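Enquirer: So the sequence lines, in the order shown, correspond to chains Z and S.
For the first sequence, the working numbering begins at 10 and goes up steadily by one.
For the second sequence, the working numbering begins at 12 and goes up steadily by one.
In this text, a Cβ means the ideal position worked out from N, Cα and C, and glycines have one as well.
Here the structure is a predicted model, which is why all the values come from computation and not from measurement.
Mind looking over this structure? Questions follow.
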Amino acid sequence: MAKKLKVRYYRPKADVALDINDIQNFVYDMSRCIKCKGCMWVDHTYMPGATTGFLTKCPSATMYEYDAYNGAGKMRIAHAMAEGVLGWNEKALEVVYACTLCGACDTGCKRNLDIEVELTLEAMRVKAVKDGVGPMPAHKKVVENILKKNNCFGAPHKSRNEWLPKGVTPAKKADVVYYVGCNASYVNKEIAQSTVKIFKAAGTEFMLLPDEKCCGNIVFSVGMIDEATAIAKRNVAEMRKTGAKTLITACAEGYRMWKVDYPKLLNISTEELGFKVLHITEYADGMIKSGKLKMKKDFDSRVVYHDACSLSRQSEPWTPWKGKRGWMGCVEPRLKRRRGTNGVYAQPRDILKAIPGVNLIELPRTRENAFCCGAGRGAREAFPEFAEFSANHRLKEIKSVGAETLVTACPMCKSNFSKAVKENGDDVQVMDITEIICASIKG
Amino acid sequence: MAISKDILNVLESIVGPKYISADPVICESYRSGPGGYENGTGYERVMTTIPGCVIMPRTTEDVQKIVKVCYRNSVPYVPYATGFYGPRSHPHVEDALLIDMKRMQDFSIDDKHFFIDVQAGVIYSPIQQECLEHGAYVVIGGGGAQASAIANLLGDGWSPLSHRIGMPHRRILGCEVVLPDGELLKTGSLATGDDPFWGECPGPDLRGILRGYTGVRGCLGIVTRMAIKTLPFQPEPLVPKGITPNTALALPEKRVKWINFVVPNKEAQEKAMFEIARAEVGGAVTKVPLFWRAIAKAEDKEHFWEMWNKENEQTVHNFFIVRVLLIGFTSEEQMEYDERVLMDIMTALGGEARATKPSDESWIKNADSAGMWVMCGDYMSVDYVSESLSQAVKHGSTYAQLKKKYTPPLMPDYGDPGWFQSFECGHQGYSEFLVYWDHDDDTDKVDQFYLDSSKMNIEHGYYTALIGPHQPMYLTGPKYGPNYHIYMLKIKDEFDPKWMSHPPVPLAHDVFVERAPWMHNMKDWESPDDLPK
């Protein structure tokens with residue numbers, strides 16, 4: 010353009026990188042938020058009616074209501090902090106941490122704009138830690154558990170594999186590593202047990218990591234980036250040592266860590282990990298479609314599928330990027346933005362459709378517009394009332410479509426929903442997708 | 012002066028502790044800029060402040076009580092629906108109370124009498140969904156699907172779909188308005204009871220005072236409730252499809268269809284709009300800015316500039332498009348008839364129908380104003396004009412000429428005359444001129460262009476929307492009135508003698524010119540020395 014016009018549009022190009030270590034990388038994004046609140050509302054094309062009460066997709070904004078808790082407000086707060094005109098206080102920490110980093114704001118914003126909201130929020134947490142005010146006290150306890158005992162719960166490390174059902178012995182060496190994760194190892198063991206049954210039914214030999222440790226989701230999520238990087242290095246090295254080609258997990262948060270956040274922390278692309286990262290839904294869907302896994306037994310139920318954030322809108326692969334930003338905010342080299350378009354949305358639905366008897370109903374807020382359960386990324390640990398609110402809000406929606414069974418693909422979602430269902434006495438059955446697959450295989 | 016603890020306690024007793032906060036972090040989140048509509052301009056930097064406190068009422072009664080406390084204690088306040096409308100909907104004075112209306116979500120629909128009744132926090136897209144499910148539709152204004160229906164209808168509220176039904180304020184059937192002293196004013200048929208159907212009331216109707224051409228930005232009180240007329244729509248469902256960012260409504264093609272036509276010249280473009288309107292067919296007839304076509308196709312801002320940089324004065328000058336929405340309101344047969352009429356008109360004018368997707372990306376449910384920022388980061392509509400169709404078309408060309416003087420920093424659009432269309436089946440024409448610029452450029456010229464556009468309107472006799480609180484009233488008032496600024500200020504003084512409701516609106520732009528040194532050499536009009544400081 011400069012050559013064609015008499016007046017030259019020109020500004021020196023500024024260095025920028027998708028690096029959450031330095032919040033200054035995202036000042037451009039913060040300063041270009043337009044307050045359309047696409048971060049908060051359901052995509053207007055999919056927006057349900059005004060009387061439904063399911064118009065927002067941001068749990069934080071829905072519970073706390075002030076603009077400070079939606080993406081637009083957070084971008085303004087982050088901007089003021091990055092510019093040094095606003096300091097930390099108790100409210101700022103609540104704004105930053107009473108949030109599941111579920112990515113609804115990021116995909117909503119990027120429907121129209123090229124703004125990095127999720128990375129800004131992650132960078133804010135890193136800044137909080139660097140500034141000495143983060144993470145929250147409840148997070149510190151979990152992080153301590155992880156760093157000392159290699160799991161979130163402070164349980165003995167030696168009992169990590171006690172979930173293994175009798176008669177199932179993982180291979181010493183295999184092409185597939187099953188990464189179990191803390192939750193399925195210690196709390197929701199039925200998920201791990203169902204997962205290995207699926208492997209067996211499909212004839213897939215699998216191994217475990219020789220000394221599996223926590224993926225570090227909470228450590229990373231609360232902004233402790235140095236500690237998280239160390240965990241990423243260790244886990245990726247251990248995985249590479251196995252020589253396996255594929256890592257499969259049934260934990261959505263773990264899946265995101267391995268596929269997206271480890272590469273982000275290690276400044277490599279997902280491809281450069283050297284192995285494939287699959288969620289059990291991707292694997293099982295492939296097996297069902299290739300005929301290796303057969304869904305035989307009826308599961309007669311009106312079923313809804315809840316998209317776990319880390320498996321859906323947040324699961325697109327990572328590619329490191331640094332470059333220059335110039336006139337009109339254009340960057341070079343070309344940046345392919347992660348907009349949540351290519352998340353794992355279809356596979357779990359295809360699995361459920363393949364199960365005889367399942368009557369799959371879509372929720373008003375579905376796929377990239379799904380309303381997070383409220384448990385992830387350190388939110389439940391520090392703000393349990395927020396996690397409870399989010400689960401109940403989503404359950405209201407689930408009940409509004411007359412669902413009998415709620416299926417999700419994340420142990421944290423299952424825990425949070427199960428707790429809420431139990432406390433409310435709701436007549437909704439909560440299942441992990443591995444369990445419903447197993448229920449159909451058994452026949 | 013900061014709002015005192017005593018006053019905060021009284022306000023807290025109205026809404027409860029959860030819904031009031033003077034925390035600096037909460038208040039910061041209500042900053043107008045730096046991004047968004049009209050933000051990044053000098054006006055935003057000079058005129059806006061963060062609030063001193065934020066409060067979230069639930070009912071009209073809450074708002075009345077809050078306003079009474081403010082009025083009694085001389086606390087300036089600003090009503091805030093969604094905050095999308097840039098600096099002019101944000102506090103302009105220090106330590107103002109921002110009244111965030113988002114908890115006011117009451118909604119009801121009367122599908123027998125075709126109206127809805129909403130509170131100020133209700134936005135358009137869920138309204139439209141409810142309407143569609145009840146055989147009706149509303150027009151979602153250019154402000155976007157995320158705009159509060161009340162705020163948008165008080166401000167502008169028009170869209171390409173106004174071709175069918177014209178000026179938006181004519182669909183306001185009644186309002187509840189909390190006046191600056193806390194008194195409740197009911198307008199339209201709400202003044203005589205709780206049935207808004209008629210839209211009229213005995214005695215003088217105050218709708219004009221409330222709204223005027225583009226409203227008064229909350230400076231005469233707060234509209235908490237509005238009854239809005241809806242219109243009958245065709246019965247087939249419009250089905251959402253796709254995944255972000257490419258989502259759209261799949262259209263039932265025998266009942267709803269967009270068709271894009273390319274016509275040979277500007278005369279044919281204008282004539283096509285006129286003839287389509289005269290034949291009373293179509294749900295929308297419009298010509299949008301050409302760069303919007305590039306936005307619609309672009310994967311990201313870099314892609315946009317790749318495409319747009321291939322254009323030049325010649326290509327833009329020689330490309331004439333007319334976009335038509337057909338709706339079979341009553342039957343497939345009606346739709347077929349409309350389409351035949353449309354094709355006859357376009358054939359006679361040398362128009363050629365282009366392949367058009369059988370879906371609606373924007374206007375029916377998702378008026379996609381947010382996407383207009385993708386390529387720049389800064390944007391505003393400098394003006395909107397309802398004129399005769401022939402005059403509306405001229406208006407854009409005049410703007411394009413003036414814009415050259417300010418390009419850069421304004422984005423190059425190669426002389427595109429902006430957006431124009433038919434309203435009310437051609438009884439009115441509409442023109443809107445939008446400008447874009449880079450946030451980090453020197454924006455003094457953007458402010459100057461904005462003001463210069465007002466002088467241009469005066470010179471050419473265009474009666475435009477932004478002559479009220481959006482421009483210096485002491486510039487536009489004597490030229491358009493000759494005394495409209497005087498009566499506007501008298502009304503303000505009568506309704507709000509203490510000027511507590513969103514000060515210094517309606518004189519905010521006058522004040523801005525005084526405060527901004529880069530505007531001083533443009534001031535060639537008289538204004539009093541006692542403008543609010």
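Applying a beta-carbon distance threshold of less than 8 Å, which residues of chain S neighbour I86 (chain Z)?
Expert: For the purposes of this step, residue 86 (chain Z) is taken as the residue at position 77 of the first sequence. Under the 8 Å cutoff, chain S gives V36, E39, S40.
Enquirer: Could you tell me the boundaries of the beta strand (DSSP E) in which Q116 (chain S) lies?
Expert: Position 105 of the second sequence, counted from the start, is the residue given in the question as residue 116 (chain S). Taken as a continuous stretch (DSSP letters only), Q116 (chain S) belongs to no beta strand (DSSP E), as it is neither H nor E.
Enquirer: Residues of chain S with CB closer than 7 Å to the CB of K44 (chain Z), please, in chain order.
Expert: Here residue 44 (chain Z) is taken as the residue at index 35 of the first sequence, counted from 1. G47, G94, F95, listed in chain order.
Enquirer: Name the two residues that bound the continuous beta strand (DSSP E) containing S397 (chain S).
Expert: As a first step, residue 397 (chain S) is located in the second sequence; it is residue number 386 there, counting from the start. Looking at the DSSP string, the run of the beta strand (DSSP E) that includes S397 (chain S) is 389-398.
Enquirer: So, do the region 163-183 of chain S and the region 223-230 of chain S have three or more beta carbon pairs nearer to each other than 8 Å?
Expert: Yes, the region 163-183 of chain S is in contact with the region 223-230 of chain S.
Enquirer: Could you confirm whether any beta carbon from chain Z is found closer than 7 Å to the beta carbon of I31 (chain S)?
Expert: For the purposes of this step, residue 31 (chain S) is taken as residue 20 along the second sequence, with counting starting at 1. Taking Cβ atoms only, chain Z never reaches closer than 7 Å to I31 (chain S), which makes this a no.
Enquirer: For L350 (chain Z), which residues in chain S fall below 9 Å Cβ to Cβ?
Expert: Sequence index remark: in the first sequence, residue 350 (chain Z) carries index 341 (1-based). The sequence shown places Thr at residue 350 (chain Z), not Leu. Ordered by position in chain S, the residues that pass the 9 Å Cβ test against T350 (chain Z) are I254, T255, P256, N257.
Enquirer: Spell out whether any CB of chain S is found under 7 Å from the CB atom of W336 (chain Z).
Expert: Mapped onto the first sequence, residue 336 (chain Z) falls at position 327. Interface residue, yes.
Enquirer: Is the distance from the Cβ of P137 (chain S) to the Cβ of A59 (chain Z) below 7 Å?
Expert: For the purposes of this step, residue 137 (chain S) is identified with residue 126 of the second sequence, where counting begins at 1. For the purposes of this step, residue 59 (chain Z) is identified with residue 50 of the first sequence, where counting begins at 1. Going by C-beta atoms, P137 (chain S) is nearer than 7 Å to A59 (chain Z).
Enquirer: Where does K12 (chain Z) land, buried or exposed, given buried means 16+ other C-beta within 10 angstroms?
Expert: Here residue 12 (chain Z) refers to the residue found at position 3 when the first sequence is read from its first residue. Because the pLDDT of K12 (chain Z) is 42, which lies under 50, any placement of that residue in the model is unreliable, and the number read from its coordinates should be weighed accordingly. Exposed: under 16 other Cβ atoms inside 10 Å.
Enquirer: Name the residue from S:D394, S:F431, S:Q432, S:S512 whose alpha carbon lies nearest to the alpha carbon of A476 (chain S).
Expert: As a position in the second sequence, residue 476 (chain S) is number 465, starting the count at 1. Comparing Cα-Cα distances from A476 (chain S) to each of S:D394, S:F431, S:Q432, S:S512, the minimum goes to S:D394.
Enquirer: Pick helix, strand or coil for Q323 (chain Z), following the three-state DSSP scheme.
Expert: Mapped onto the first sequence, residue 323 (chain Z) falls at position 314. In this structure, Q323 (chain Z) counts as coil in the three-state DSSP scheme.
Enquirer: From the beta carbon of N121 (chain Z), is the nearest beta carbon of chain S less than 7 Å away?
Expert: The residue given as residue 121 (chain Z) occupies position 112 in the first sequence. N121 (chain Z) counts as touching chain S.
Enquirer: Mind listing the chain S neighbours of C381 (chain Z)? Cutoff is C-beta to C-beta under 7 Å, in chain order.
Expert: Your numbering for residue 381 (chain Z) matches position 372 in the first sequence. None at all; the shortest Cβ gap to chain S is about 16 Å.
Enquirer: So, is the C-beta of W269 (chain S) closer than 7 Å to a C-beta in chain Z?
Expert: Numbered from its first residue, the second sequence carries residue 269 (chain S) at position 258. Answer no: the Cβ-Cβ gap between W269 (chain S) and chain Z never drops below 7 Å.
Enquirer: To which residues does DSSP link T358 (chain S) through a beta bridge?
Expert: As a working note, residue 358 (chain S) is residue 347 in the second sequence. Note: T358 (chain S) sits in no beta bridge, so no partner.
Enquirer: State the Cα-Cα distance for the pair K298 (chain S) and L256 (chain Z), rounded to the nearest angstrom.
Expert: Mapped onto the second sequence, residue 298 (chain S) falls at position 287. Mapped onto the first sequence, residue 256 (chain Z) falls at position 247. Their Cα atoms are separated by approximately 53 Å.
Enquirer: Using a C-beta cutoff of 7 Å, does T290 (chain Z) count as contacting chain S?
Expert: The residue given as residue 290 (chain Z) occupies position 281 in the first sequence. Cβ-Cβ to chain S under 7 Å: no for T290 (chain Z).
Enquirer: Can you list, in chain order, the residues of its chain whose CB lies under 6 Å from that of G47 (chain S), leaving out five sequence neighbours each side?
Expert: Locating residue 47 (chain S) in the second sequence gives position 36, counting from the first residue. Excluding positions up to five away in sequence, the list reads G97.
Enquirer: Helix, strand or coil: which one does DSSP assign to I364 (chain Z)?
Expert: Within the first sequence, residue 364 (chain Z) is the residue found at index 355, counting from 1. Three-state DSSP puts I364 (chain Z) in coil, outside helix and strand.
Enquirer: Tell me C186 (chain S)'s beta-bridge partners as DSSP assigns them.
Expert: On the second sequence, position 175 is the one that residue 186 (chain S) refers to. C186 (chain S) is bridged to S:T198, S:M237.
Enquirer: Take R120 (chain Z) and list the residues in its own chain whose beta-carbon comes closer than 8 Å to its own, dropping the five residues that flank it on each side.
Expert: Position 111 of the first sequence, counting from 1, holds the residue named residue 120 (chain Z). Counting only Cβ-Cβ distances below 8 Å, and skipping sequence neighbours, we find G47, D52, R348.
Enquirer: If you check the beta carbons only, do Y292 (chain Z) and P357 (chain Z) fall under 7 Å apart?
Expert: The residue labelled residue 292 (chain Z) in the question sits at position 283 within the first sequence. The residue labelled residue 357 (chain Z) in the question sits at position 348 within the first sequence. Not closer than 7 Å, so no.
Enquirer: Compile a chain-ordered list of the residues in the region 155-187 of chain S whose CB is closer than 8 Å to at least one CB of chain Z.
Expert: The residues in question are G155, A156, Q157.
Enquirer: Residues of chain Z with a CB under 7 Å from the CB of K113 (chain S): which are they?
Expert: Stepping through the second sequence from its first residue, residue 113 (chain S) is reached at position 102. Near K113 (chain S) (Cβ distances below 7 Å), the residues of chain Z are E74.
Enquirer: If we call anything under 7 Å between Cβ atoms a contact, is S392 (chain S) one with E317 (chain S)?
Expert: Here residue 392 (chain S) corresponds to residue number 381 of the second sequence, with the count starting at 1. Here residue 317 (chain S) corresponds to residue number 306 of the second sequence, with the count starting at 1. No, these two residues do not count as a Cβ contact at 7 Å.
Enquirer: Taking 8 Å as the limit between beta carbons, can you name the residues of its chain near D453 (chain S), skipping five residues before and five after?
Expert: By 1-based counting over the second sequence, the position of residue 453 (chain S) is 442. P420.
Enquirer: Verify the CB distance criterion: does C212 (chain S) have a CB-CB separation below 7 Å to chain Z?
Expert: To locate residue 212 (chain S), count along the second sequence from 1; it is residue 201. Closer than 7 Å: no.
Enquirer: So for W384 (chain S), helix, strand or coil by DSSP?
Expert: Your numbering for residue 384 (chain S) matches position 373 in the second sequence. Correct three-state label for W384 (chain S): helix.
Enquirer: Would you kindly work out how many angstroms separate the C-alpha atoms of I151 (chain S) and N377 (chain S), rounded to a whole number?
Expert: Here residue 151 (chain S) is taken as the residue at index 140 of the second sequence, counted from 1. Here residue 377 (chain S) is taken as the residue at index 366 of the second sequence, counted from 1. Straight-line Cα distance between these residues: approximately 8 Å.
Enquirer: Using CA coordinates, which residue listed in Z:T71, Z:D235, Z:C67 is at the minimum distance from C318 (chain Z)?
Expert: Position 309 of the first sequence holds residue 318 (chain Z). Looking at the Cα atoms, Z:C67 is the closest of the given residues.
Enquirer: My output table needs one value for D452 (chain S): the three-state DSSP class, helix, strand or coil.
Expert: Here residue 452 (chain S) refers to the residue found at position 441 of the second sequence. D452 (chain S) falls in the coil class under three-state DSSP.
Enquirer: If you measure from the beta carbon of H402 (chain Z) to each beta carbon in chain S, is any gap under 7 Å?
Expert: Start at 1 with the first residue of the first sequence, and residue 402 (chain Z) comes out as number 393. Judged by the 7 Å Cβ criterion, H402 (chain Z) is not in contact with chain S.
Enquirer: What does DSSP give as the partner residues of R334 (chain Z) in its beta bridges?
Expert: Counted from its first residue, the first sequence places residue 334 (chain Z) at position 325. BP columns for R334 (chain Z) point to Z:A23, Z:V340.
Enquirer: Do you know how far the Cα of E127 (chain Z) is from the Cα of G53 (chain S)?
Expert: Here the question's residue 53 (chain S) lines up with position 42 in the second sequence. Here the question's residue 127 (chain Z) lines up with position 118 in the first sequence. Cα-Cα distance, rounded: 30 Å.
Enquirer: Between E141 (chain S) and chain Z, is there a C-beta pair that is closer than 7 Å?
Expert: Within the second sequence, the letter at position 130 stands for residue 141 (chain S). For E141 (chain S), the answer is yes, since a Cβ of chain Z falls inside 7 Å of its Cβ.
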